[in-house]
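Student: Chains as they are written, first to last, in my numbering: chain A, 1 to 339; chain B, 1001 to 1290; chain C, 2001 to 2241.
Built from N, CA and C at the ideal position, the CB exists for glycine as well.
The structure follows.
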Amino acid sequence: MSELLLSGVPRRALVLLAALLAALVAFPLLVNDYFITVLILILYFAYVGQAWNIMMGFAGQLSLGHALYVGLGAYAAAALYVHFGISPWIGLGASIVISAAAGAAIGFLAFRFGVAGVYFAILTIAFGEFARIGFDHWHWVGGSAGFFLPVANYTRNDLLYLRGSPTMFYYLFLGITVAAFVLCHALLRSRAGYYWLAIRESPEAAQALGIDIFRYKMYAVTLSAAMTSLGGVLFAFYYNNLFPEQVFHISRSIELILGPIIGGIGTLFGPIIGAFLLTALAESLHEVMAAFGIDVPGIKQVFYGFCLLLVVMFLPDGVWPPLARRLGLGRAPSKRSEG
Amino acid sequence: MPADIYLNVAVSGLLTGLVYGLMALGLSVIFGVVRVVNFAHGEMMTIAMYLAVALFANYKLDPLVMMVPIAVVLFVLGYLMQRGLISPFINRPEHSQFMLLVAIALIMVNGLLIVFGPDAQSVQTSYSYDSFMVGRLIVDATKVYAGAAAVAVAAALFAFFRFTLIGKAIRACADNYAGALVVGLNVKSLYALTFGIGAACVGAAGAMMAVLVDVTPPLGPAYTLLAFVIVITGGLGSMPGALLGGLLIGITEALGGLFFTPSAKSMFAFGLLVLVLLFRPQGILGKRPS
Amino acid sequence: MAALLAVEGISKSFRGLRAVQDVSFEVPQGEIVALIGPNGAGKTTCFNMIAGVFRPDAGRVTFAGARIDGHRSDQICRAGIGRTFQLVKPFAGLSVMENVMVGALNACAGVREARDRARQVIEQLGLGGKTDLLAASLTLPDRKRLEVARALATGPRLLLLDEVMAGLRPTETDHMVALFRELNATLGLTILLIEHVMRAVMALSGRVIVLHHGQVIASGTPAQVTRDPAVLECYLGEEAV
């Protein structure tokens, strides 16, 4: 198992990774709550970005409605907790099943009927919007007025019901992000990983080599949706409130893909680097503007827009591949780097 | 409910649908020729709507009268966008192009938010509350004027593509890119021109829409989606299809809003989209891709 | 020798254009058969029908006793038919090794096994020094070899080669010919190839089938076929004969 994960990875990369992990683990002990919340945001986007990356970067399917899976996961676990007192650790089972089913349904419809490329993207948007409007009118989970979890007493960490301090959530988010990273690393080296990349590069050639395209695309879509929903569960219990207009809105879908695109689609580190860059820069911008007394809604999004524009125009492979080359990691010139 | 109400609502939807159709026409022209999926389409329309609102608020100029200048401004915007930003992306992978326009859309929407704020703004003209009575039908004057304007602009567009030299040159580019180059057409310029024309359509539609609804920045993405639903339903690359799709969506939305809650009316548009994508992806009037 | 592949009366039209009309032939087990004919004769369309890209409008295709017409191309690959494409389709963003591994995974249970198999096939095709290069950076002759290596890695019983010699120098052609001869002799690999390079056709094939305007106009040994007046006519024109 460790051979599967570690073979072929340059020692340099392993050392850097270990250092990074150590830093991340020690982080909350060194800084105040504000920085912890910023890093939670980064980890959240890194995690869902990584989940989205499986569908786009690996299987080549552009989903612009991924907020659907975040929302489904969030609402499922939250509803089970608020209405039945069920622990989110069990509730997440429901979240995963529901989101996976949604992903599978969309995938099935799309792939069976040959909906691809831009049409597929639009289909995903349509389903996201469907959910937004639907949940707006579903009163069992609060409708448009919102769904609220009882706010926690932050001095006591309740792991069973995920009520606790930001630090507790920090480690939870760190945990799933690291797990996602390891999972994707393992997947890329597995049969599924090779097949997904083949499908992405040339579906016709892939099929001629014995790959059942429909089946593997379905795997990617279902896994991506299931993983994303887990992020949604933590999201719900961390923020304690859910509004369909926020959670399912297409802006969320676009936000969560900015990280992987800026960092580098199809790479392992891309989503993480992208999430870090975007969030760190956005928060800095916010701080700078607050210092000048400017508080304009929309500035952050314009900033994101420009970042995306610049990356798409000048760094189409994302920030990570050239960075990796500088650091002496990954192969040159390769779109498929090991890190 | 008396049948009159259905009829009124349907006609009202039809007229609004004409404006939708014009908006979608712009998208269809852009996609049909330049083959770029303009994800910033609705945002461009919203810019036009805000222009109309601003002109009216500051100078008391009627949006329908300002339709032409606004269309010209949008033409220039579209031309520059294609020439400056989009042109190098023609040969890049599809998702790259898409993300470029997503970025532009993001900047546009939030730019509008910063400049105009989130509150709804509207245009109250002298005829905003007038209505016409045709037999048992009661129709808003604004809708009639807007609908008529939409038909006029669409007709002008059809005439342009049918009868003018430039229009034919553009159609040539759409039909056969390499052939157009070989014949000596300046395809880059024609593409930019086409994008400008598509933008002008959207500009005119925006001016019309400004008298029909209140303007807020989130309308941008909403109209982008609506434009796609219309164009895909009516048939990608088919100009009559865009208009037909607009009418269909206009009526569906209006009746849907009547039977269910108004806030759910866009669900029907999406439902229609899913059905079309699954069962007739080329749209009602579109051609099967070869 | 029993026929490994039997094509009976297949036809295919594209929007009114009859590309292939009532074509029948057999490829006996363990033999090398060439499919030749002028451009537009329908050769690649026949391949595509055998490989599952198109369903024949009429007729049947039988492989190892089972009907395969109408099956998907991945099912046909798993059944034991490998194919190359006339316009090569490498996985551009992947390395040579990764490309071939994708093929090898069809024949192997796991990634490690696939890697070993891929290494072997890469050596056989003379790409040994280039395993870590990106496919996009290869020259055309190397891409052709990669195409063959990938198909070979799937472990086929029948290999369909679509104009793999085009663009190769005579020495490279000879190398490929020698490789196929060896695979045929040692593994009993059955080969059906479309080829324009007569040097390769004459050197490799035991049997040649000639297509013209979608129909079979001649079949036999290479020597027979090259003397057949109908064949000469279709290549050189009526007056030349």
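1. Tell me which residue opens and which closes the beta strand (DSSP E) that Met1133 (chain B) is part of.
2. Is His2212 (chain C) helix, strand or coil when you go by DSSP?
3. Which runs of the alpha helix (DSSP H), 4 residues or longer, sit entirely within the stretch 2150-2228 of chain C?
4. Mind listing the chain A neighbours of Ile1114 (chain B)? Cutoff is C-beta to C-beta under 8 Å, in chain order.
5. Any idea which residues DSSP pairs Asp2116 (chain C) with across the strands?
6. When burial is assigned at 16 or more other CB atoms within 10 Å of the CB, is Tyr219 (chain A) buried or exposed?
7. Does the beta-carbon distance from Gly259 (chain A) to Gly49 (chain A) come in below 8 Å?
8. Using the three-state DSSP reduction, which class does Leu230 (chain A) fall into: helix, strand or coil?
9. Apart from the five residues just before and just after Val1072 (chain B), which ones in its own chain have a Cβ nearer than 8 Å to its Cβ?
10. Is it true that the stretch 2040-2050 of chain C meets the stretch 1273-1284 of chain B, where meeting means three or more beta-carbon pairs spaced less than 8 Å apart?
11. Which value, in whole angstroms, describes the spacing of the CA atoms of Ser63 (chain A) and Leu256 (chain A)?
12. Tell me whether the beta-carbon of Ala2135 (chain C) lies closer than 8 Å to the beta-carbon of Asn2106 (chain C).
13. Find the residues of chain C that neighbour Gln207 (chain A), judging by a C-beta separation of less than 9 Å, and give them in chain order.
14. Within 8 Å (strictly less), CB to CB, does Lys2144 (chain C) reach chain A?
15. Assuming the contact rule is C-beta atoms closer than 8 Å, Ala74 (chain A) and Val247 (chain A) should be a hit. Round their C-beta distance to whole Å, please.
16. Does the pairing of the stretch 2154-2165 of chain C with the stretch 2103-2123 of chain C give three or more beta-carbon distances under 8 Å?
17. Which same chain residues end up closer than 8 Å to Phe2091 (chain C) when comparing Cβ atoms and leaving out the 5 residues on each side of it in sequence?
18. Going straight from the alpha carbon of Ser1012 (chain B) to that of Ser2095 (chain C), what length do you get?
19. Would you mind giving the Cβ-Cβ distance between Leu1027 (chain B) and Ala1146 (chain B), rounded to the nearest angstrom? I have them listed as a contact below 8 Å.
20. Could you say which of A:Gly293, A:Ile294, A:Gly298 and A:Phe303 lies nearest to Leu281 (chain A) if we only look at CA atoms?
21. Between the stretch 1206-1216 of chain B and the stretch 1190-1197 of chain B, are three or more C-beta pairs nearer than 8 Å?
22. So for Ala2066 (chain C), helix, strand or coil by DSSP?
23. Closer than 6 Å by C-beta to Ala2003 (chain C): which residues in its own chain qualify, once you throw out the five before and the five after it? Chain order, please.
24. For Lys335 (chain A), I'd like the list of residues in its chain whose CB is within less than 6 Å of its CB, leaving aside the five on either flank, ordered along the chain.
25. Which residues in chain C sit within 8 Å of Ile213 (chain A), going by Cβ to Cβ distance?
26. Where does Pro321 (chain A) fall in DSSP's three states?
27. Comparing the CB of Gly1283 (chain B) with every heavy atom of the ligand NAP, is any distance shorter than 7 Å?
28. Less than 8 Å separating the beta-carbons of Ile106 (chain A) and Phe127 (chain A)?
29. Keeping to the same chain, check which residues put their C-beta closer than 7 Å to that of Asn1008 (chain B); ignore five residues upstream and five downstream.
30. Identify whether Ser202 (chain A) lies in helix, strand or coil by the three-state DSSP scheme.
31. Specify the secondary structure class of Arg2083 (chain C) as computed by DSSP and reduced to three states.
32. Taking the alpha-carbon of Tyr1177 (chain B) as reference, which of B:Asn1038, B:Ile1232 and B:Asn1091 has the nearest alpha-carbon?
33. Hey, how far is the Cα of Met2176 (chain C) from the Cα of Cys184 (chain A)?
34. On the CB-based measure, 16 or more other CB atoms within 10 Å of its CB, does His1332 (chain B) come out buried or exposed?
35. Per DSSP, which residues does Ile2010 (chain C) bridge with? Please list them.
36. Pull up the CB-CB distance for Thr2045 (chain C) and Lys2012 (chain C), whole angstroms please, since I reckon it's below 8 Å.
Tutor: From the atom records:
1. Along the second sequence, read from residue 1 onward, the residue named residue 1133 (chain B) stands at position 133. Ser1131 to Val1134 is the span of the beta strand (DSSP E), which, as asked, contains Met1133 (chain B).
2. Numbered from its first residue, the third sequence carries residue 2212 (chain C) at position 212. Residue state, collapsed to three classes: strand.
3. 2170-2187, 2198-2204 and 2222-2227
4. Along the second sequence, one-based indexing puts residue 1114 (chain B) at 114. Here the neighbours are Val296, Pro297, Gly298, Ile299 and Val302.
5. Numbered from 1 along the third sequence, position 116 holds the residue referred to as residue 2116 (chain C). In the DSSP output, where bridge partners are listed per residue, Asp2116 (chain C) has none listed.
6. Taking the first residue of the first sequence as 1, we reach residue 219 (chain A) at position 219. With 16 or more other Cβ atoms within 10 Å, it is buried.
7. Reading the first sequence from its first residue, position 259 is the one you call residue 259 (chain A). Reading the first sequence from its first residue, position 49 is the one you call residue 49 (chain A). For Gly259 (chain A) and Gly49 (chain A), yes; Cβs fall inside 8 Å.
8. On the first sequence, residue 230 (chain A) is found 230 positions in, with the first residue counted as 1. In this structure, Leu230 (chain A) counts as helix in the three-state DSSP scheme.
9. Stepping through the second sequence from its first residue, residue 1072 (chain B) is reached at position 72. Ala1200 and Gly1203, listed in sequence order.
10. no
11. If you number the first sequence from 1, residue 63 (chain A) lands on position 63. If you number the first sequence from 1, residue 256 (chain A) lands on position 256. The straight-line gap from Cα to Cα measures roughly 11 Å.
12. Within the third sequence, the letter at position 135 stands for residue 2135 (chain C). Within the third sequence, the letter at position 106 stands for residue 2106 (chain C). No, they are not a contact pair.
13. Residue numbering aside, residue 207 (chain A) sits at position 207 when the first sequence is read from its first letter. Correct list: Gly2052, Val2053, Arg2072, Ser2073, Asp2074 and Cys2077.
14. Locating residue 2144 (chain C) in the third sequence gives position 144, where the first residue counts as 1. No, Lys2144 (chain C) lies away from the interface with chain A (no Cβ there is under 8 Å from its Cβ).
15. The residue you call residue 74 (chain A) lines up with position 74 of the first sequence. The residue you call residue 247 (chain A) lines up with position 247 of the first sequence. About 6 Å; that satisfies the 8 Å criterion.
16. yes
17. Numbered from 1 along the third sequence, position 91 holds the residue referred to as residue 2091 (chain C). Glu2098, Asn2099, Val2102 and Ala2135, listed in sequence order.
18. Residue mapping note: residue 1012 (chain B) aligns to position 12 of the second sequence, counting from 1. Residue mapping note: residue 2095 (chain C) aligns to position 95 of the third sequence, counting from 1. C-alpha separation (whole angstroms): 60 Å.
19. Taking the first residue of the second sequence as 1, we reach residue 1027 (chain B) at position 27. Taking the first residue of the second sequence as 1, we reach residue 1146 (chain B) at position 146. Rounded, the Cβ-Cβ distance is 19 Å, inconsistent with contact.
20. Position 281 of the first sequence holds residue 281 (chain A). Per the Cα distances, A:Phe303.
21. no
22. Locating residue 2066 (chain C) in the third sequence gives position 66, where the first residue counts as 1. DSSP places Ala2066 (chain C) in strand when its eight states are reduced to three.
23. To locate residue 2003 (chain C), count along the third sequence from 1; it is residue 3. Glu2026 and Pro2028.
24. On the first sequence, position 335 is the one that residue 335 (chain A) refers to. Caution applies to Lys335 (chain A), whose pLDDT of 38 falls short of 50 and renders its modelled position unreliable; the value that the coordinates give is listed next. Around Lys335 (chain A): no qualifying Cβ.
25. Position 213 of the first sequence holds residue 213 (chain A). Within 8 Å Cβ-Cβ: Asp2074.
26. The sequence position of residue 321 (chain A) within the first sequence is 321, counting from 1. DSSP places Pro321 (chain A) in helix when its eight states are reduced to three.
27. In the structure on display, the ligand NAP does not appear, and there are no ligands present to speak of.
28. If you number the first sequence from 1, residue 106 (chain A) lands on position 106. If you number the first sequence from 1, residue 127 (chain A) lands on position 127. A contact, by the Cβ cut-off of 8 Å.
29. Residue 1008 (chain B) sits at position 8 when you count from the first residue of the second sequence. Hits under 7 Å: Leu1137 and Ile1138.
30. To locate residue 202 (chain A), count along the first sequence from 1; it is residue 202. In the structure shown, Ser202 (chain A) sits in coil (DSSP, three-state: anything other than H, G, I, E or B).
31. Mapped onto the third sequence, residue 2083 (chain C) falls at position 83. The answer is strand: DSSP assigns Arg2083 (chain C) an E or B state.
32. On the second sequence, residue 1177 (chain B) is found 177 positions in, with the first residue counted as 1. Nearest option by C-alpha distance: B:Asn1091.
33. Taking the third sequence and counting its residues from 1, the one referred to as residue 2176 (chain C) is at position 176. Taking the first sequence and counting its residues from 1, the one referred to as residue 184 (chain A) is at position 184. Spanning the two alpha carbons is a distance of roughly 39 Å.
34. Nothing can be reported for residue 1332 (chain B), as the shown portion of chain B is limited to 1001 through 1290.
35. By 1-based counting over the third sequence, the position of residue 2010 (chain C) is 10. BP columns for Ile2010 (chain C) point to C:Val2023.
36. Locating residue 2045 (chain C) in the third sequence gives position 45, counting from the first residue. Locating residue 2012 (chain C) in the third sequence gives position 12, counting from the first residue. Indeed, because the Cβ distance is near 5 Å, the residues count as touching under 8 Å.
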